[in-house]
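Residue numbers (the numbering used here): 844 to 1008.
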């Protein structure tokens, strides 16, 4: 993980996490999510001020397909070596959902909200519920998840990268 992560007090607030989660109306997964995700991510990145984007770090998940040389070369060129992941400029422990806010906080919280009430077999209703769930997250809860993330990084470093949960 390196000293950069530990010594830069605000580093954990400049990470763009990558991950995915499956939401469905009836247990069947739609192949549409990749297209939606790509458009959403591209639009949101374009909205960020350049001064922030140049200080941001992309955190690559540990999926084996994402470890290909072509993927790592693309990440190096696209993020100017500002990316975190397996064999990347900033190393990250493999298979570490406990060090990814999306895994230890966001997906569970969103699903808790989305599936609180029974859901019809309607993709539009599901999409609306997901959007409303995201909008309902409080800034305080999001801030707390980043503080928890920072604490987890410090514990991981103290344990020399070993399992701590």
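Beta carbons: idealized from backbone N, C-alpha and C, even for Gly.
Limits of the alpha helix (DSSP H) - the one that residue i falls within
i            : result
residue 1063 : Shown here, the chain extends from 844 to 1008; a query on residue 1063 therefore has no answer.
residue 901  : That residue, residue 901, is in no alpha helix (DSSP H); its beta strand (DSSP E) goes 900-902.
residue 894  : 893-896
residue 906  : Premise fails: residue 906 is in no alpha helix (DSSP H) and is neither H nor E.
residue 920  : 912-921
residue 956  : 950-957
residue 973  : 966-979
Residue i to residue j span [Cα, whole Å]
i           : j           : result
residue 932 : residue 902 : 11 Å
residue 969 : residue 978 : 14 Å
residue 857 : residue 899 : 5 Å
residue 907 : residue 997 : 26 Å
residue 865 : residue 953 : 11 Å
residue 959 : residue 972 : 10 Å
residue 988 : residue 964 : 32 Å
Sequence-distant residues of its chain with Cβ nearer than 7 Å to residue i (five each side left out)
i           : result
residue 938 : 905
residue 984 : none
With 16 other Cβ atoms within 10 Å as the buried cut-off, status of residue i
i           : result
residue 852 : exposed
residue 995 : buried
Cβ-heavy atom distance, residue i to the ligand ADP, below 7 Å
i           : result
residue 982 : With respect to the ligand ADP, the structure offers nothing, as it holds no ligand at all.
Own chain residues within Cβ distance below 6 Å of residue i, not counting five before or after
i           : result
residue 924 : 932
residue 949 : none
residue 992 : 855 and 944
residue 891 : none
residue 936 : 1004
Proximal residues to residue i (C-beta, below 8 Å), its chain only, five neighbours per side dropped
i           : result
residue 930 : 910 and 915
Margin query: Runs of 3 residues minimum, wholly inside the segment 981-1007: which ones carry the beta strand (DSSP E) assignment?
Written below: none
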